[in-house]
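Single-structure report; data block below.
There are 2 protein chains.
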Amino acid sequence: MGNPVAKGLRVGAADALSLNRWWGPVSSPTVPLIVQKFGGTSVANAERIHRAARRAIRAKLEGKQVVLVVSAMGHTTDELLKLAGEVSADPPKRELDMLLTTGEQVSIALMAMAIHAAGHEAISLTGAQLGLLTDSVHTRARIQRISRERIDRELAAGRIVIVAGFQGIDAGGEITTLGRGASDTTAAALASVLGAEICEIYTDVDGVYTTDPRLVPQARKIDRISYDTMLEMAAAGAAVMHSRAIEFGKKYRVPIHVRSSLTDAPGTLIMTETKGMEDAAVQGVTLKQDLASITLAGVPNRPGMAARIFSAIAAKNVLVDDIVQNVYDDGRQANLTFSVSAADLAEAKRICADLVREMNLSGMSVDDGVAKVSAIGVGMRTASGVASTMFSALAEGGVNIHNISTSEIVLSCLVRREDGPRALQLVHDAFGLHVAP
Amino acid sequence: MGNPVAKGLRVGAADALSLNRWWGPVSSPTVPLIVQKFGGTSVANAERIHRAARRAIRAKLEGKQVVLVVSAMGHTTDELLKLAGEVSADPPKRELDMLLTTGEQVSIALMAMAIHAAGHEAISLTGAQLGLLTDSVHTRARIQRISRERIDRELAAGRIVIVAGFQGIDAGGEITTLGRGASDTTAAALASVLGAEICEIYTDVDGVYTTDPRLVPQARKIDRISYDTMLEMAAAGAAVMHSRAIEFGKKYRVPIHVRSSLTDAPGTLIMTETKGMEDAAVQGVTLKQDLASITLAGVPNRPGMAARIFSAIAAKNVLVDDIVQNVYDDGRQANLTFSVSAADLAEAKRICADLVREMNLSGMSVDDGVAKVSAIGVGMRTASGVASTMFSALAEGGVNIHNISTSEIVLSCLVRREDGPRALQLVHDAFGLHVAP
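If you read the protein sequences in the order shown, they are chains C and R. Just so we're aligned: 322 in the working numbering is position 322 of the first sequence, and the numbers increase by one with no gaps anywhere. Quick note, the working numbering runs 1000 ahead of the 1-based positions in the second sequence.
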């Protein structure tokens, strides 16, 4: 027990980016442990809370230790944001966190009551009570450490432990939040720290789909998907799960089961890559709408130029999507294009205007109406012809491609925003994703 | 600064009953400090929150340090209780506290946003962040200690400090609440600890009235009232303020100003007794409805009998209102009558049935439909004829009196519940309370 991991797990300052700095691995508990996370729609009213409570109790009766992570009920978070908007156009982020964390606190209390009402022992814990330590970046804090002490004590007492998702505290005792949708992250981080056999994410869809079923009716549920493919799909716009949650699962090899809270049907298992998974070159296609792209022209092609530009952007907390650079002028200058969310465009333009002046660039051009279609799959590593299939499909459908970017398992094209949904359908069809592999 | 009071103030286990165990007195701050408490109706929506924020800012601009104590918005607490009721018929009290404290947390965050929006510095603090330590009796915890450390630091930084009323934490970090309406207690306790020049209680009425204006239209606002009279009025049913808040004010001589949040008109000042206050024998009359009375017959008139009975009742957390005892049988036996709230009657009956058996009493009788009319005033100490005025008024109005009890500044009569409102009117008229003294 001299191992610090026995008491908790340290995470680097940026939990998503420095998982390799964790103090892992974690020893498995002697009693199998399961983490179940219930999203907002799964706890939207008393009847659904009871339904979720029954699932937890069932797992307990099967001999497992059970930790629940619960989101705010239904549209609570949006309603609280609306209240804040009525009071202030630009509320301090610390106070936003103070406000928003009440949503999960309500849910955990009600969940504990529901389990008690069914005759079982349960206890609710806020992020502060659990000891979920984060940095101090309000509204987008990163997990630094999760204490096992309290949770172990409650589990040992035979209780179902109910943890408020999305929230933590910093070293000064300030209440922080991990970003919208980050209850998934809380669940996966807890599953990692506690050595859970599985992390179940209960939601209002029945799994991960090959693409957004609202845009492509032929979208098909995926039974098993690797952490890497899921990570790329989330990064490329699939809204079903938080990337940081998947990274926790990947690092600690905790399988994540995304499934419906309304049925017992299996959903999608996010897990370590296995042989069969690689059969299909492309497993999913995604669409990221509401992007904008900025091109900086005449960037001197010298070491450190890109670093200087993106450091300036990162310093203002603007998230950059894809980056594409082409050199010209015999390799002496480059055009550098990157995309950001449309919401960040104004800030990004201000930063770039400064850079153009300070670095004496030739200029900047902005396209504020683009979308990104991506094809994703670990099988892409070994399959050929993926790019030509995608480009041909878009060309035959009359969709013009602006920028192209690729990574090991992702192929992305920027298109006009209004072409986005059609492009998604074309690519989904081209890879035959409506048919099970 | 070696004085522990500089860091905080210890309160005995029962904050209301053992104020003399405090580590007082508290040194006055160099900058005048004011505590303003806003009740639920005073923060019911964004517009009212801004109005409250403006009051706080005005005090700040007048050169004062300002501490706000805020209740949950409007009917939030009732709505949360309704939610709990939908989930469980008998929710664990710990989880009720977890649930209910979210109401105040929402209010303090919004209040901080409103003050920021008006261009001033503010910070919200939960009970835990403030360091308001209580015992562990969930839903009716008592304050044990209030740490000054955090609040002093924030005030020194020039911030308006906004504290969540009604809540605290126990030594184990569990979230507790001080009982319904106890945001007043939080405010008065803070005013005491911080050596405030005044504790302002903003509410939806414009002060303390001679009686309940909904029952007696001639009720008149009282300009100044002593702590003692106010304490007795609160104990006898005046709902305007929490007794424990008044006790804090009395002990530390912090004037409490009960006033409307909608106007600038002065309300009622609760303060140390002064000469002019004693002119009227009776300052207010109150009605406590929904009482029940239990009579134990044939109690042996020996030392320790009453102690045994009321210890058994207190052990079950049943609050006893008045107690009346008459001896008979040449002083060998007594009849003991006490009243409890109708809600506690079932529990009280169970306890008394056990006592009748264990102590071999002659029997028990129950009246579940009584109300108590009380006349209160410090002037009663020196005035004569108060009792005869009250009894005559009731007799002439045809109201039968069940039990009579008196203390130094209170005269109470139990009457049939349906006679209550009329009895109140009769007594208010008899003492001429509609006319300013």
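All residues carry an ideal CB built from backbone N, CA and C; glycine is no exception.
Tell me the residue span of the alpha helix (DSSP H) that contains residue 1349/R. Counted as a single uninterrupted DSSP element, the alpha helix (DSSP H) harbouring residue 1349/R occupies residues 1345-1359.
Taking the alpha-carbon positions, what's the residue 102/C to residue 48/C distance? Going from the Cα of residue 102/C to the Cα of residue 48/C covers about 19 Å.
Where residue 166/C and residue 300/C are concerned, what is the direct C-alpha to C-alpha distance, given to the nearest angstrom? Each residue's Cα considered, the two are about 43 Å apart.
Beta strand (DSSP E) segment containing residue 1200/R, residue limits: Unbroken beta strand (DSSP E) run through residue 1200/R: 1198-1203.
Extent of the continuous alpha helix (DSSP H) to which residue 227/C belongs: Looking at the DSSP string, the run of the alpha helix (DSSP H) that includes residue 227/C is 227-235.
Do residue 1151/R and residue 1125/R have their CB atoms nearer than 9 Å? Cβ distance < 9 Å, so residue 1151/R and residue 1125/R count as in contact.
Partner residues on chain C for residue 1173/R, Cβ-Cβ distance less than 7 Å: For residue 1173/R, the chain C residues whose Cβ falls inside 7 Å of its Cβ are 129, in order along the chain.
With 9 Å as the threshold, decide whether the Cβ of residue 1124/R is near any Cβ in chain C. Yes, residue 1124/R lies at the interface with chain C (some Cβ there is under 9 Å from its Cβ).
So, helix, strand or coil for residue 1283/R, using DSSP? Secondary structure at residue 1283/R: coil, using DSSP grouped into helix, strand and coil.
Return the chain-ordered list of same chain residues with a C-beta closer than 8 Å to the C-beta of residue 60/C, the five sequence neighbours on each side being excluded. Excluding sequence positions up to five before and after residue 60/C, its CB lies within less than 8 Å of the CB of 66, 120, 160, all in the same chain and listed in chain order.
Counterpart residues of residue 292/C in DSSP-defined beta bridges: In the DSSP secondary-structure assignment, residue 292/C is bridged to 340/C.
Straight-line gap, residue 1418/R to residue 1288/R (C-alpha atoms, nearest Å): Separation of residue 1418/R and residue 1288/R (C-alpha to C-alpha, rounded to the nearest whole angstrom) is 12 Å.
Of the choices 1039/R, 1108/R, 1410/R, 1032/R, whose alpha-carbon is the least far from that of residue 1191/R? Check the Cα spacing between residue 1191/R and each of 1039/R, 1108/R, 1410/R, 1032/R: the tightest is with 1032/R.
Cβ of residue 1116/R within 9 Å of any chain C Cβ: So, interface residue.
Cβ of residue 1075/R less than 9 Å from any chain C Cβ? Interface flag for residue 1075/R against chain C is unset, since no Cβ pair is found closer than 9 Å.
Indicate, with yes or no, if the ligand NAD has a heavy atom lying under 8 Å from the CB of residue 1129/R. The ligand NAD is not among the ligands present in this structure, which contains no ligands whatsoever.
Taking Cβ-Cβ distances shorter than 8 Å, what residues in chain C pair up with residue 1442/R? Since the first and last residues shown for chain R are 1001 and 1437, residue 1442/R lies out of range.
Same chain, Cβ closer than 7 Å to residue 1409/R, five either side skipped, listed in chain order: If we look at residue 1409/R and ignore the five residues flanking it on each side, its Cβ neighbours are 1228, 1229, 1232, 1376, 1377, 1378, 1380, 1381.
Flag residue 163/C as yes if its beta-carbon sits less than 9 Å from any beta-carbon of chain R, otherwise no. For residue 163/C, not one C-beta of chain R is nearer than 9 Å to its own C-beta.
Taking all protein chains shown into account, decide if residue 1326/R is buried (16 or more other Cβ within 10 angstroms of its Cβ) or exposed. Exposed.
Alpha helix (DSSP H) containing residue 113/C: first to last residue? Residues 93-117.
Looking at chain C, which residues of the segment 1139-1153 of chain R have a Cβ within less than 7 Å of any of its Cβ atoms? For the segment 1139-1153 of chain R, there are no residues whose beta carbon sits under 7 Å from a beta carbon of chain C.
Residue 1267/R burial status per 10 Å Cβ neighbour count (16 or more: buried): Buried, since its Cβ has 16 or more Cβ neighbours within 10 Å.
Just reading off the beta strand (DSSP E) that residue 1416/R is part of, what are its end residues? For residue 1416/R, the enclosing beta strand (DSSP E) starts and ends at 1410-1416.
Inter-residue spacing [alpha-carbon to alpha-carbon] between residue 44/C and residue 1412/R: Their Cα atoms are separated by approximately 50 Å.
What is the rounded straight-line gap between the Cα of residue 1254/R and the Cα of residue 1041/R? The C-alpha of residue 1041/R is placed about 24 Å away from the C-alpha of residue 1254/R.
Going along chain C, which residues have a C-beta under 7 Å from residue 1105/R? For residue 1105/R, the residues of chain C that pass the 7 Å Cβ criterion are 98, 102, in the order they occur in the chain.
Can the beta-carbon of residue 1399/R be found closer than 9 Å to that of residue 1285/R? Using a Cβ distance threshold of 9 Å, residue 1399/R and residue 1285/R do not count as a contacting pair.
Between residue 374/C and residue 298/C, which are expected to be in contact by the criterion C-beta below 8 Å, what is the C-beta distance as a whole number of angstroms? That pair is no contact at about 29 Å.
Please report whether the beta-carbon of residue 8/C lies at a distance below 9 Å from any beta-carbon of chain R. For residue 8/C, the pLDDT reaches just 39, beneath the cut-off of 50, and the residue's location in the model is therefore unreliable, although a value from the coordinates is still provided. False, the Cβ-Cβ gap to chain R never drops below 9 Å.
Contact set for residue 1039/R: own chain, Cβ-Cβ below 6 Å, skip 5 residues either direction: 1071, 1203, listed in sequence order.
Taking the alpha-carbon positions, what's the residue 1415/R to residue 1030/R distance? Cα to Cα, residue 1415/R sits roughly 52 Å from residue 1030/R.
Given residue 1294/R as reference, the closest of 1247/R, 1163/R, 1340/R, 1106/R once Cα atoms are compared: Taking only the C-alpha atoms, the option nearest residue 1294/R is 1340/R.
Going by the beta-carbon positions, is the gap between residue 256/C and residue 188/C smaller than 9 Å? Contact: yes.
Assumed close pair residue 110/C, residue 1100/R - CB separation to whole angstroms, cut-off 8 Å: 12 Å between Cβ atoms; not a contact.
Does the count of Cβ pairs from the segment 243-253 of chain C and the segment 421-435 of chain C closer than 8 Å reach three? Contact between the segment 243-253 of chain C and the segment 421-435 of chain C is absent, because fewer than three Cβ pairs lie under 8 Å.
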